[in-house]
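Sequential numbering of the sequence shown, starting at 1, is according to the numbering used here.
Beta carbons: idealized from backbone N, C-alpha and C, even for Gly.
Nothing here was measured: the structure is a model prediction, and the numbers come from that model.
Working notes, beginning with the structure itself.
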Amino acid sequence: MADTDTKRRTKVEPKTERPRLHKVILVNDDYTPREFVVMVLKAVFRTTEEEAYSVMLTAHQKGACVVAVFARDIAESKATEATDLGKSAGYPLLFTTEPEE
Ligand code: TYC
Numbered sequence: 001m002a003d004t005d006t007k008r009r010t011k012v013e014p015k016t017e018r019p020r021l022h023k024v025i026l027v028n029d030d031y032t033p034r035e036f037v038v039m040v041l042k043a044v045f046r047t048t049e050e051e052a053y054s055v056m057l058t059a060h061q062k063g064a065c066v067v068a069v070f071a072r073d074i075a076e077s078k079a080t081e082a083t084d085l086g087k088s089a090g091y092p093l094l095f096t097t098e099p100e101e
């Protein structure tokens, strides 16, 4: 037993998994004007007019659309900021977040 070598010879790398990115999702509703949705997307997510229109139209037609992905805290604060812009104007506009797989 004295000369039994129990030293591990393979290097074990620590598993440092990256924090997951979070999607910001635009949810369709029947009341918010299209131009207002486009304005919010441009203001909060810094998209072009064309990108904003395309995202708005996809949400309108399919029920929801991924706007962008960010670190969790940024995704959540942008979703809240964008949702609050709608609320301030009296619209039920909704942005949610969910982790990417
Ligand atoms: N459906 C809205 C309308 O017809 C426009 C709209 C699009 C609202 C996308 C929300 O996420 C949305 N006025």
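Give a single yes or no on whether residue i has its beta carbon closer than 8 Å to a heavy atom of the ligand TYC.
i	result
residue 56	yes
Measure how close the beta-carbons of residue i and residue j come, nearest whole angstrom, since I'm counting them as under 8 Å.
i	j	result
residue 22	residue 98	7 Å
residue 27	residue 96	6 Å
residue 41	residue 67	7 Å
residue 29	residue 94	7 Å
Do you know offhand how far residue i's Cα is from residue j's?
i	j	result
residue 71	residue 24	10 Å
residue 56	residue 12	48 Å
residue 51	residue 19	27 Å
residue 77	residue 92	18 Å
residue 87	residue 48	23 Å
residue 14	residue 84	41 Å
residue 64	residue 17	29 Å
residue 1	residue 10	Below a pLDDT of 50, predicted positions are generally treated as unreliable, and residue 1, at 46, falls in that range; the measurement from the model is reported next regardless. So the two alpha carbons sit approximately 22 Å from each other.
residue 82	residue 90	13 Å
residue 39	residue 73	23 Å
residue 69	residue 46	13 Å
residue 58	residue 34	11 Å
Point to revise | Whole runs of the alpha helix (DSSP H) within the stretch 59-97, excluding any shorter than 4 residues | key: The qualifying runs are 72-88.
Review point. In chain order, what are the residues with a CB under 7 Å from some non-hydrogen atom of the ligand TYC?
Key: That query returns the following residues: 26, 27, 28, 29, 30, 31, 32, 33, 34, 37, 56, 59, 60 and 93.
Check your understanding: Residue ranges of each alpha helix (DSSP H) run of no fewer than 4 residues wholly in the stretch 33-59, ordered along the chain?
Key -> Considered as a whole, the stretch 33-59 harbours 34-45 as its complete alpha helix (DSSP H) runs of no fewer than 4 residues, in chain order.
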